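Counting in the working numbering, the sequence shown runs from 1187 upward without gaps.
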Amino acid sequence: MDNTAQNDCEKGKERGVHGGKAMCYSIGEVVKKTGLSVHTLRYYEKEGLLPFVQKNKSGMRAYSDMDLQWLTMIECLKDSGLQIKEIRQYIDWYREGDSTLQQRLKLFRSRREAVEKEMKRLTVVLNKIHFKELLYEEAVKQGSLDAADKNPKLLRLKKKLFESPDDFDKVTG
């Protein structure tokens, strides 16, 4: 996705042309390739998230490889917690060119930090679930939850989990 790429499927003027002609996809093909719904694609367009999508001679949307890359980035940003208006802001910055590089860097840096924080939180959740799974596996083996609760290995794991959740992976391997 660079600033010089243009969405011009019919003329083949964008990067990623195949055999001298750019690849164009109908909305149905994009749905199959991306797993997004027609409704979602139209919503993104309405919200200004796909400003480069062109229409063919018949008036039908003609998505390019570049548009597919944009859809991937939109989904990534959405998955990272950005709202539609924030994604639109990123697209606007992109369209403004190099004068907005600092803003875009700041956006992606903050997204990385937010995702890392969420991953850490989810790792703690996963470790607790993993501990309970091990506990119940042992309980099934022993025929009793009380017996499993007295298992020395599980007691050590439980202590590690609740004293220092970050160390739990080191213990459970």
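C-beta: ideal position from N, C-alpha, C; glycine also.
In this text the structure is predicted, and so the values were computed from the model without any measurement.
Can you check DSSP and say which residues form a bridge with C1210?
Taking the first residue of the sequence shown as position 1, residue 1210 is located at position 24. Note: C1210 sits in a beta bridge opposite S1250.
V1326 versus V1311: straight-line alpha-carbon distance, rounded:
Along the sequence shown, one-based indexing puts residue 1326 at 140. Along the sequence shown, one-based indexing puts residue 1311 at 125. Those two C-alpha atoms are separated by around 23 Å.
Local conformation of K1336 per DSSP, three classes:
Locating residue 1336 in the sequence shown gives position 150, where the first residue counts as 1. Of the three classes helix, strand and coil, the one that applies to K1336 here is coil, per DSSP.
Within this structure, are the beta carbons of D1253 and F1238 separated by less than 8 Å?
Position 67 of the sequence shown holds residue 1253. Position 52 of the sequence shown holds residue 1238. Yes, these two residues count as a Cβ contact at 8 Å.
Please name the residue in L1287, Q1328, L1347 whose C-alpha comes closest to that of T1309.
Taking the first residue of the sequence shown as position 1, residue 1309 is located at position 123. Ranking the options by Cα distance to T1309, first place goes to L1347.
Who are the Cβ neighbours of L1236 in its own chain at under 7 Å, not counting the five residues just before and after it?
Against the sequence shown, residue 1236 aligns to sequence position 50. Y1230, D1253, W1256, listed in sequence order.
Three-pair Cβ contact test at 8 Å for the region 1330-1348 versus the region 1296-1309:
no
Thinking C-alpha only, which one of L1341, K1303, Q1240 is nearest G1267?
Numbered from its first residue, the sequence shown carries residue 1267 at position 81. Of the candidates L1341, K1303, Q1240, the one whose C-alpha sits nearest the C-alpha of G1267 is K1303.
So the candidates are G1245, G1329, F1294; which of them puts its Cα closest to the Cα of I1260?
For the purposes of this step, residue 1260 is taken as the residue at position 74 of the sequence shown. Of the candidates G1245, G1329, F1294, the one whose C-alpha sits nearest the C-alpha of I1260 is F1294.
Are K1344 and F1317 closer than 8 Å when you measure CB to CB?
If you number the sequence shown from 1, residue 1344 lands on position 158. If you number the sequence shown from 1, residue 1317 lands on position 131. Yes, Cβ-Cβ distance for K1344 and F1317 is below 8 Å.
So if DSSP puts Q1328 in a beta bridge, which residue, or which two residues, is it bridged to?
Working through the sequence shown from its first residue, we reach residue 1328 at position 142. Paired residues: none, contrary to the question.
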